[in-house]
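To start, the structure under review is shown below, and the notes come after it.
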Amino acid sequence: MSPQARRVDPAPLESADWNGPYIRYDLVKEFVIALVVVTALIVVLAILFSSPDDRPVTIQQWARTDPSDFVATAVTELDGSSEIATYGPPYTHTPGAGQKIGPLNLQSAAGVHLPINTSQDFVLNPLRSIPGNAALTEALRAYQAAPPAQRTAWTDAYTKGLDGAKFPGGIPQLPPGDYGPVAPMMTSLAGLAATGGLDGALLNSNQFYQTNYTKPLLFLSGGDYFESRAEEQHLLGTQWGMMNETGSYPGQVWLWLYTFWYQIAPFNTSVNADAQIWFLMAILSLAFVCIPFIPGLRSLPRHLGVHRLIWRDHYRPVEGDS
Amino acid sequence: MREIAGLFRPLRGGLAAPAVFNLNGPAHYVNWHFFHMSVANVLVIVLMIVVFILAIVIPFPKREIEE
Amino acid sequence: MSPAEQQRMWTERVRQRAVGALPPEKLLPDRQPAYVSSWIYVFGVATIAALVVVIGSGVILGLKGPAWWHESGVGKFFNSVHLWSVEVFFFTMVVHLWGKFFMGAWRGGRSWTWVTGAVVFLIAIGTAFTGYLSQQNFDSQWIASEGKDGLNAVGIGAFFNVIDFGQMYTWHVILLPVAVAALVVWHVLLVRKHGVVPPYAAPVAAGGSAAPRAKEAP
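Residue numbers (the numbering used here), protein chains in the order written: chain S, 2 to 323; chain Y, 114 to 180; chain C, 2 to 219.
Laid out in structure tokens, this is it:
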């Protein structure tokens, strides 16, 4: 063959069995050594640093620590103006709710499969479970019998009245106003929450065993108290919180790209940010999986040249041949 | 020996050896423009990069070639 | 049984395909091409070792139930082992991933090796996510309350309720680990079948050969 030999296409050769030199390589021994070393490393890390276990927040804790926030949230759940009451699918049938990716509204397409009626589930049903309180029973009757406009007038007045409220022992005391039955209802609800009874009432459905915390956690998430606890630990979305852990522990570092998008325009001000970023990450993940099939991307490593460092021992005798 | 034994104390139902380094306190953060990451996470990422570089730079023990 | 009848047997065909693809000396070779000599090559097996510890500590936590580690010092220790084994697992997996990317390890018919590895990375992220949701502490409450918004926004939240501890725990201790383990096995068998990817051909020098030494393709 002439010195100007045509460049050999390596592709068919890369898939063929290697016909060059071999070295002895004990895979089983390598695995056992790796297992011992890695296990030792992990055990040392566990002994040195342990693991975080911040106690969960309860509604009882919320009602006792920040009764003002608890009652203010409860009123919005009662009058259906809260974030959860207007969330849309999968919790509520709220027209116009649901995030969009362009014209696509996948949130609405999925439908309501975890129905929540905040007024009934978070306020009225728990109150009905309180026995032997004639005044409360009468207040509930009056509230349910009233037309919607009257109920709204009571809850709006109550919300305004909360600005001047005091909370001795966690129980709301508002300045005089026309709050109707809402005042005794909220007083009873705050009392129920402070005893821990509301945690139980929200968890309970019609069976003894529970593993689904949807109702109590959705109620908790409606208030500022829960979010303020997260903010202290830098767990908010705007704080790159997805990657963070409570305390000074490393978190889910591998979520760096997912949380990155929430920090920059246009996503950081978009009402459809969750849906848009999911869509973007789905495309990037697909591209990542399909690198072998994407022209340009699949030949990038050859041009980057890091392989020359990895395989420098292999290239040395080959480059010496010429 | 007494100090080591003292590390182990009952915890509600079993023994607990508290961590040598308590990471439950408030974390420190690295801030740069919109970049805001915990020191622990930054350390993990930096360590990954360092370990990767070391892995490709540090020579591997030579083995005898068999043809 | 005649040879023709033997050939028609499904068992015979499956066995021949399996043994043909992975004869014992390929399944457990005692030698590797000489270019497999860099520390970067240990990160694959280190990831598997970390996964063994993840699963082992997870089994112990599962045997004693989800409340145990909150109440027992020994339980807390195994929870710590489980947490740090997950951190080491992702650490070694990412270093392994970077190495394989820079080596263009999908070359020579190894696309599915890359695909299975990339998919198991993504599923592992999901497995860790359900694990964080199963902690039954403040962190799991917050992650559930935030995570629900992302999943609800694309319609998945209706069927995969991150606040449903029972559902998340089941996904975490059995459904997703089975998927991870199956994909890891498939990934490793593909590596054994195709061999470790050879180096890129060195640039053609005047009068010199650039091709890696290999048999000519039939």
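Ideal Cβ placement from N, Cα and C applies to all residues, glycine included.
On a predicted model such as this, the values are computed, not experimentally measured, just so you know.
Rounded to whole angstroms, what's the CA-CA distance from S/W329 to Y/H141? Just pull it up for me. The question about residue 329 of chain S has no answer here: the residues shown for chain S are numbered 2 through 323.
Helix or strand or just coil, what does DSSP make of C/S86? Here residue 86 of chain C refers to the residue found at position 85 of the third sequence. Assigned with DSSP and collapsed to three states, C/S86 falls in helix.
Would a check of beta-carbon distances place S/I24 closer than 8 Å to chain C? Translated into the one-based positions of the first sequence, residue 24 of chain S becomes position 23. Contacts with chain C at 8 Å (Cβ-Cβ) include S/I24.
Below 7 Å CB to CB, which residues in the same chain sit around S/A64 once its five sequence neighbours on both sides are set aside? By 1-based counting over the first sequence, the position of residue 64 of chain S is 63. When the five nearest sequence neighbours on each side are left out, the beta carbons in the same chain lying within less than 7 Å of the beta carbon of S/A64 are those of F71, G171, A191, A194 and A195, in order along the chain.
Tell me whether S/I172 sits in a helix, a strand or coil according to DSSP, three-state version. Locating residue 172 of chain S in the first sequence gives position 171, counting from the first residue. Looking at S/I172 - three-state DSSP - the assignment turns out to be coil, as it is neither helix nor strand.
Chain Y contacts from the stretch 239-273 of chain S (Cβ-Cβ distance under 7 Å): Of all residues in the stretch 239-273 of chain S, Q240, W241, M244, N245, G248, S249, Y250, P251, G252, V254, Q264 and I265 have a Cβ within less than 7 Å of some Cβ in chain Y.
Does S/H308 have its Cβ less than 8 Å from a Cβ in chain C? Numbered from its first residue, the first sequence carries residue 308 of chain S at position 307. Chain C contact via Cβ: present.
Exposed or buried, what is S/R129 when buried is set at 16 or more other beta-carbons lying within 10 Å of its beta-carbon? Within the first sequence, numbered from 1, the residue matching residue 129 of chain S stands at position 128. Counting other Cβ atoms within 10 Å of its Cβ, S/R129 stays below 16 and is therefore classed as exposed.
Check whether the Cβ of Y/L167 lies closer than 8 Å to any Cβ atom in chain S. Translated into the one-based positions of the second sequence, residue 167 of chain Y becomes position 54. By the rule that beta-carbons nearer than 8 Å mark a contact, Y/L167 does not touch chain S.
Can you give me the C-alpha to C-alpha distance between C/Q142 and S/N118, rounded to a whole angstrom? Residue mapping note: residue 142 of chain C aligns to position 141 of the third sequence, counting from 1. Residue mapping note: residue 118 of chain S aligns to position 117 of the first sequence, counting from 1. For C/Q142 and S/N118, the distance between alpha carbons rounds to 21 Å.
So, is the C-beta of Y/V164 closer than 8 Å to a C-beta in chain C? Against the second sequence, residue 164 of chain Y aligns to sequence position 51. With 8 Å as the cut-off, Y/V164 counts as an interface residue toward chain C.
List, in chain order, every chain C residue whose beta-carbon is nearer than 7 Å to that of Y/F187. An answer regarding residue 187 of chain Y cannot be provided, because it is not within the stretch 114 to 180 covered by chain Y.
How is the beta strand (DSSP E) around Y/S151 delimited, first residue to last? The residue you call residue 151 of chain Y lines up with position 38 of the second sequence. Start and end: F148 to S151.
Complete runs of the alpha helix (DSSP H) confined to the stretch 141-211 of chain C [at least 4 residues]: Listed in chain order, they are 166-171 and 177-195.
Identify the contact partners of Y/V157 in chain C, using a Cβ-Cβ distance below 8 Å as the criterion. As a working mapping, residue 157 of chain Y is identified with position 44 in the second sequence. Neighbours of Y/V157 on chain C, chain order: E88 and F92.
Tell me which residues share the same chain as S/D67 and place their Cβ nearer than 6 Å to its Cβ, disregarding the 5 neighbours each side in the sequence. Here residue 67 of chain S refers to the residue found at position 66 when the first sequence is read from its first residue. The beta carbon of S/D67 lies closer than 6 Å to those of Y226 in the same chain, with the five residues before and after it left out.
Could you check what DSSP says for S/L310 in three-state terms: helix, strand or coil? Working through the first sequence from its first residue, we reach residue 310 of chain S at position 309. In the three-state scheme derived from DSSP, where H, G and I count as helix and E and B as strand, S/L310 is classed as helix.
Closest to C/P67 by CA distance: which of C/M169, C/P178, C/I56 and C/S135 is it? Numbered from 1 along the third sequence, position 66 holds the residue referred to as residue 67 of chain C. Residue nearest to C/P67 within the set C/M169, C/P178, C/I56 and C/S135 is C/S135 (criterion: CA-CA distance).
To the nearest angstrom, report how far apart C/A215 and C/S38 are at their CA atoms. By one-based count along the third sequence, residue 215 of chain C stands at place 214. By one-based count along the third sequence, residue 38 of chain C stands at place 37. Low confidence applies here, because C/A215 scores a pLDDT of 45, under 50, leaving its location unreliable; read the following figure in that light. Going from the Cα of C/A215 to the Cα of C/S38 covers about 18 Å.
Residue from S/F209, S/S120 and S/T95 with nearest C-alpha to S/T153: Here residue 153 of chain S is taken as the residue at index 152 of the first sequence, counted from 1. Ranked by Cα distance from S/T153, the first of S/F209, S/S120 and S/T95 is S/S120.
With a threshold of 8 Å, are at least 3 pairs of Cβ atoms found where one atom belongs to the stretch 78-95 of chain S and the other to the stretch 118-133 of chain C? The stretch 78-95 of chain S vs the stretch 118-133 of chain C: no contact.
Tell me which residues share the same chain as S/G93 and place their Cβ nearer than 6 Å to its Cβ, disregarding the 5 neighbours each side in the sequence. Along the first sequence, one-based indexing puts residue 93 of chain S at 92. Here residue 93 of chain S turns out to be Thr, not Gly, going by the sequence shown. Counting only residues of its own chain and dropping the five nearest sequence neighbours on each side, S/T93 has no CB closer than 6 Å to any other CB.
Taking just the CA atoms, how far does C/Q168 sit from S/F220? As a working mapping, residue 220 of chain S is identified with position 219 in the first sequence. As a working mapping, residue 168 of chain C is identified with position 167 in the third sequence. Cα to Cα, S/F220 sits roughly 20 Å from C/Q168.
Based on DSSP bridge pairs, tell me the residues matched to Y/V143. For the purposes of this step, residue 143 of chain Y is identified with residue 30 of the second sequence, where counting begins at 1. Y/M150, per the DSSP bridge assignment.
Hey, is S/P57's beta-carbon within less than 8 Å of any beta-carbon in chain Y? In the first sequence, counting from the first residue as 1, residue 57 of chain S sits at position 56. S/P57 is outside the set of residues whose beta carbon lies under 8 Å from a beta carbon in chain Y.
Going along chain Y in order, which residues have a C-beta closer than 9 Å to the C-beta of S/F50? Along the first sequence, one-based indexing puts residue 50 of chain S at 49. Per Cβ cutoff of 9 Å: A132, V133, F134, N135 and L136.
Using a beta-carbon distance cut-off of less than 8 Å, what residues from the stretch 166-188 of chain C approach chain S? Under the 8 Å Cβ criterion, the stretch 166-188 of chain C contributes F166, G167, Q168 and Y170.
Can you list the alpha helix (DSSP H) stretches of 4 or more residues lying completely in the stretch 282-307 of chain S, in chain order? Inside the stretch 282-307 of chain S, DSSP marks whole alpha helix (DSSP H) runs of 4 or more residues at positions 301-305, from first to last along the chain.
With H, G and I counted as helix, E and B as strand and the rest as coil, what does DSSP make of S/W279? On the first sequence, position 278 is the one that residue 279 of chain S refers to. Of the three classes helix, strand and coil, the one that applies to S/W279 here is helix, per DSSP.
Coil, strand or helix - S/Q151 by DSSP: Your numbering for residue 151 of chain S matches position 150 in the first sequence. Of the three classes helix, strand and coil, the one that applies to S/Q151 here is helix, per DSSP.
Does DSSP put Y/L136 in a helix, in a strand, or in coil? On the second sequence, position 23 is the one that residue 136 of chain Y refers to. When DSSP states are grouped into helix, strand and coil, Y/L136 belongs to the coil group.
Mapping the DSSP letters down to three states, classify C/A215 as helix, strand or coil. Reading the third sequence from its first residue, position 214 is the one you call residue 215 of chain C. Its pLDDT being 45, under 50, C/A215 is placed unreliably in this model, and the coordinates cannot settle the point.
Find the nearest neighbour of C/V163 within the set C/P178, C/Q137 and C/A202, judged by alpha-carbon distance. The count along the third sequence starts at 1 and reaches residue 163 of chain C at position 162. The residue with the shortest Cα to Cα distance from C/V163 is C/Q137.
Closer than 8 Å to chain Y by CB, S/P182: Here residue 182 of chain S refers to the residue found at position 181 when the first sequence is read from its first residue. S/P182 does not count as touching chain Y.
Host beta strand (DSSP E) of C/P34 (start-end): Translated into positions along the third sequence, residue 34 of chain C becomes position 33. Where C/P34 is concerned, the enclosing beta strand (DSSP E) stretches over R32 to P34.
Report yes or no: is there a C-beta of chain C within less than 8 Å of the C-beta of S/E139? As a position in the first sequence, residue 139 of chain S is number 138, starting the count at 1. Closer than 8 Å: no.
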